[in-house]
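Student: Same order as they appear, the protein sequences are chains Z and L.
Each step along the first sequence adds one to the number in the working numbering, with nothing skipped, and position 84 is 84.
Each step along the second sequence adds one to the number in the working numbering, with nothing skipped, and position 84 is 84.
2 protein chains.
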Amino acid sequence: MIILDYKDKRPIFEQVTEKLKKLICKGVIPSDEKLPSVRNLAVELSINPNTISRAYQQLESEGYIYSVIGKGSFVASAEDIKRLKSTDYKKELLSLIADGKAQGFSSDDIKTLINETVKEVYND
Amino acid sequence: MIILDYKDKRPIFEQVTEKLKKLICKGVIPSDEKLPSVRNLAVELSINPNTISRAYQQLESEGYIYSVIGKGSFVASAEDIKRLKSTDYKKELLSLIADGKAQGFSSDDIKTLINETVKEVYND
DNA sequence: ATAAGTGTACTAAGACAATTAATACAGTTG
DNA sequence: CAACTGTATTAATTGTCTTAGTACACTTAT
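Written out as structure tokens, the structure reads:
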């Protein structure tokens, strides 16, 4: 389900956090579904359970999952995930477009670039 | 010209690299302009010359500047900067839009989100 | 020529974060 | 009761960042 990249210089717990987040956002792990246990995922990825725990705590602090002692960790509700996806994506988009403006791209420059890219990605 | 953020957990050389890159992309430091010397910028930022040197080498490896022993470091040509800005920006845009698609946003979803954001940023 | 200024390279040391290992606690489930 | 959950703590290790110091090769101005 997850493949770690040891060439990547970012911390492992951050990679795990990000990859789980993407799996959740893509719907691969549906809402209220149980995530692998801290210990099981640690074995699967051949890393320490503490590292998985840290990733889970990060995801919980961001609202993507909730953890219950004795039961496990679970993906947040569909409404929560939908809201998080939208706000997170908007935030990234805003940052990128603001950067573009700061670098001198005009409103039309940006729109053109974006339309080209959307066409590429969606093949239409 | 540059202010370091010691709350930021990223390495200092990375902050310096990024901030210089933005200054170059914004045209604050024009093409073929001489950058501050490794030692001068180190004094100005109260950090080690080695750290500045590492940032300059990073920028050179990406093509944003060129360094000459005995002379100094200089911003790349206008054509090079223009090309780098465009390709780098396209790369980020492509990554973000591909992510959006992977997360289930439709072509129209994306376009709507983007148009809203462009309006916000450019106030039109 | 000489001095000062340029980027670059190398080593040693210290600081810090990430990771691991081991153990323990509190709660749930069958 | 036994096996499983997430969480917490401590100690040790590892790797990267940063600094300090020194040195080299080159350019520029005096």
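From the three backbone atoms N, C-alpha and C, an ideal C-beta is built for every residue, glycine too.
1. Could you tell me the boundaries of the beta strand (DSSP E) in which Phe74(Z) lies?
2. Give the secondary structure of Lys34(Z) by DSSP, where H, G and I count as helix, E and B as strand, and everything else as coil.
3. When the Cα of Ala42(Z) is compared with those of Ala55(Z), Asp32(Z) and Ile81(Z), which residue comes out closest?
4. Can you tell me which of the three DSSP states Ile65(Z) falls into?
5. Given that Val121(L) touches chain Z, what residues does it touch there, using C-beta distances under 9 Å?
6. Are Ile81(Z) and Ile47(Z) touching if we call contact CB-CB under 9 Å?
7. Within its chain, find whatever has a CB closer than 7 Å to the CB of Ile65(L); leave out the 5 residues flanking it on each side and keep chain order.
8. Candidates Gly70(L), Lys85(L) and Lys9(L): which alpha carbon is nearest Cys25(L)'s?
9. My guess is that Ala98(Z) and Val121(L) are in contact by the Cβ rule of under 8 Å, so how many angstroms apart are they, rounded?
10. Using CA atoms only, rank isn't needed, just tell me which of Ser107(Z), Asn50(Z) and Asp32(Z) is closest to Arg39(Z).
11. So, under 8 Å CB-CB, Ser31(Z) and Ala78(Z) are touching, yes? Tell me the CB distance rounded to an integer number of Å.
12. Using a 10 Å radius around the Cβ and a threshold of 16 neighbouring Cβ atoms, would you call Lys71(L) buried or exposed?
13. Using beta-carbon positions only, say whether Leu93(L) and Leu96(Z) come within less than 9 Å of one another.
14. Pick helix, strand or coil for Ile46(L), following the three-state DSSP scheme.
15. Of the residues Lys7(Z), Val68(Z), Glu62(Z) and Asn115(Z), which one's Cα is nearest the Cα of Lys111(L)?
16. Run through chain L and tell me which residues come within less than 7 Å of Gly27(Z), C-beta to C-beta.
17. Hey, is Leu20(Z)'s beta-carbon within less than 9 Å of any beta-carbon in chain L?
18. Just to confirm my understanding: we take Ile29(L), look at its own chain, exclude 5 residues before and 5 after, and list those with CB closer than 6 Å. What are they?
19. Rounded to whole angstroms, what's the CA-CA distance from Gln15(L) to Leu4(L)? Just pull it up for me.
20. Measuring alpha carbon to alpha carbon, tell me which residue in Glu18(L), Arg83(L), Gly27(L) and Gly63(L) is nearest Ile52(L).
21. Please list the partners that Ile114(Z) has in chain L, where partner means a Cβ-to-Cβ separation under 7 Å.
Tutor: According to the structure shown:
1. As a working mapping, residue 74(Z) is identified with position 74 in the first sequence. Taken as a continuous stretch (DSSP letters only), the beta strand (DSSP E) holding Phe74(Z) covers Gly72 to Val75.
2. Here residue 34(Z) refers to the residue found at position 34 of the first sequence. Three-state DSSP puts Lys34(Z) in a strand.
3. In the first sequence, counting from the first residue as 1, residue 42(Z) sits at position 42. Among Ala55(Z), Asp32(Z) and Ile81(Z), the Cα nearest to that of Ala42(Z) is on Ala55(Z).
4. Sequence index remark: in the first sequence, residue 65(Z) carries index 65 (1-based). Assigned with DSSP and collapsed to three states, Ile65(Z) falls in strand.
5. Position 121 of the second sequence, counting from 1, holds the residue named residue 121(L). What Val121(L) touches in chain Z: Leu94, Ile97, Ala98, Gly100, Lys101, Ser107 and Ile110.
6. Here residue 81(Z) refers to the residue found at position 81 of the first sequence. Here residue 47(Z) refers to the residue found at position 47 of the first sequence. No, the Cβ-Cβ distance between Ile81(Z) and Ile47(Z) is not below 9 Å.
7. For this step, residue 65(L) is matched to residue 65 along the second sequence. Within the same chain, Ile65(L) has close Cβ partners Leu35, Tyr56, Leu59, Ser73, Phe74, Val75 and Ala76.
8. Locating residue 25(L) in the second sequence gives position 25, counting from the first residue. Of Gly70(L), Lys85(L) and Lys9(L), the residue nearest in Cα terms is Lys85(L).
9. Counting from 1 along the first sequence, the entry for residue 98(Z) is found at position 98. Counting from 1 along the second sequence, the entry for residue 121(L) is found at position 121. Confirmed, Cβ separation roughly 5 Å.
10. Mapped onto the first sequence, residue 39(Z) falls at position 39. Of Ser107(Z), Asn50(Z) and Asp32(Z), the residue nearest in Cα terms is Asn50(Z).
11. As a position in the first sequence, residue 31(Z) is number 31, starting the count at 1. As a position in the first sequence, residue 78(Z) is number 78, starting the count at 1. Contact flag correct, Cβ pair sits at about 4 Å.
12. As a position in the second sequence, residue 71(L) is number 71, starting the count at 1. Lys71(L) is exposed by the Cβ-count criterion.
13. If you number the second sequence from 1, residue 93(L) lands on position 93. If you number the first sequence from 1, residue 96(Z) lands on position 96. Yes.
14. Counting from one through the second sequence, the residue named residue 46(L) turns up at place 46. It is worth fixing the name first, because residue 46(L) is Ser in this sequence and not Ile. Coil.
15. If you number the second sequence from 1, residue 111(L) lands on position 111. The residue with the shortest Cα to Cα distance from Lys111(L) is Asn115(Z).
16. Residue numbering aside, residue 27(Z) sits at position 27 when the first sequence is read from its first letter. Ordered by position in chain L, the residues that pass the 7 Å Cβ test against Gly27(Z) are Gly104.
17. Along the first sequence, read from residue 1 onward, the residue named residue 20(Z) stands at position 20. Judged by the 9 Å Cβ criterion, Leu20(Z) is not in contact with chain L.
18. In the second sequence, the residue the question calls residue 29(L) occupies position 29. Contacts found: Leu23 and Val75.
19. Within the second sequence, numbered from 1, the residue matching residue 15(L) stands at position 15. Within the second sequence, numbered from 1, the residue matching residue 4(L) stands at position 4. Their backbone Cα atoms lie some 7 Å apart in a straight line.
20. As a first step, residue 52(L) is located in the second sequence; it is residue number 52 there, counting from the start. The shortest Cα separation from Ile52(L) among Glu18(L), Arg83(L), Gly27(L) and Gly63(L) belongs to Glu18(L).
21. As a first step, residue 114(Z) must be located in the first sequence, where it is residue number 114. The contacting residues are Leu93 and Ile114.
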